[in-house]
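To keep things clear, I will list the structure first and then write my remarks on it.
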Amino acid sequence: MSLFATTPQWKTALNNWEGIQDAPARENRSHRYGIKTIENRFLERYLTTAHWTLPGLWSIPLVAWLLYQSAVIEGRAPVSIVVLFLLGVLGWTFAEYWLHRWVFHLAPSTNRFIRSIQFALHGYHHEFPDDPRRLVAPLIMAVPISAFLATLVILCFPGNWPPILAGTFFGYLCYDWVHYYVHHGRPRFAAGKFMRRFHFEHHYKSADIQFGLSSPLWDFVFSTYRRPCPPTTMERTCLGKDADIGT
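Position one of the sequence shown corresponds to residue 5 (this note's numbering), numbered consecutively onward.
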């Protein structure tokens, strides 16, 4: 058996996948919390599964170090650090929107290997949106994404990259945590309930709207924002009758 051998459930889900749909495929709704993907237990646990605390374990120290470098080593003015940090956060929100809309939602490739990558990156999440093991990026995904973003920021802002990169990684952390919270948290305040309904519109109403997650800003800019509606019977059926998605 190959070290990376996938399970029959994974193969079936991949074979039946027709691209990002407006709602999870009906046959997948009985697997609300997902399916096992890799036969090897070690790889299944550490390569495809990540606890919600993982992003904070690597990103918070990195953000702190970048801010320390900006303030202490480089001696930047506080106002400069704040402005550049916020620029990094803004840049992340655009990267989040761009990747989600124009990369993750590409039509499935006819090449099986590329198709498998597409399904693993985002298709799986749309088919099994409430699987808590696949909401936070494991290190095998987080490291290359972070390296790409860091390289891009350093090349584009060679003289100001530390505070901008700190903001970028902070934005990424917010994205991962907000995403986990809207799926598995219990929002009690208006902002949390709004983001939950906003994101579920993307999962259960139309996959062509609400691409932002940590912020709906770029949905307004690119006209993909729709005002979230109250819960519907269809959403209650998919999410469970007691799902607290707000009103």
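Even for Gly, the Cβ is constructed at its ideal location relative to N, Cα and C. Treat the numbers as computed from the prediction; the structure is a model and nothing was measured.
For residue i, the residue or residues it bridges with in DSSP
i	result
T10	I42
Anticipated Cβ contact below 8 Å, residue i with residue j, distance rounded
i	j	result
I213	R190	The Cβ separation is near 25 Å, so there is no contact.
V140	H55	7 Å
P167	F224	Actually they do not touch by this definition, with Cβ atoms about 26 Å apart.
W21	F152	Between F152 and W21 the Cβ distance is about 25 Å, and since that is not below 8 Å, they are no contact.
K40	T11	5 Å
L154	L169	The sequence given here has Ala at residue 154, not Leu. 6 Å between Cβ atoms; contact.
S63	L156	That belief does not hold up - the Cβ atoms of S63 and L156 are roughly 17 Å apart, past 8 Å.
I42	H130	No, I42 and H130 are not in contact; Cβ-Cβ is about 20 Å, not under 8 Å.
A27	H109	Not really, about 15 Å apart at Cβ, beyond 8 Å.
Start and end residues, alpha helix (DSSP H) containing residue i
i	result
Q122	116 to 122
W96	82 to 106
F224	221 to 225
E131	128 to 131
P65	58 to 72
Residues near residue i by beta carbon distance below 7 Å, same chain, minus five either side
i	result
L66	F173
D180	P59, V140, A141
V4	As displayed, the chain neither begins before 5 nor continues past 251, which places residue 4 out of reach and without an answer.
R116	none
Cβ shell of residue i (< 6 Å), same chain only, five flanking positions each side left out
i	result
T228	I213, F215
R105	F215
Y101	F215, G216, W222
Cβ shell of residue i (< 8 Å), same chain only, five flanking positions each side left out
i	result
F8	I42, N44, L47
*For the region 156 to 199, which segments carrying the alpha helix (DSSP H) assignment without a break, of at least 4 residues, lie completely within its bounds, in sequence order?*
165 to 188
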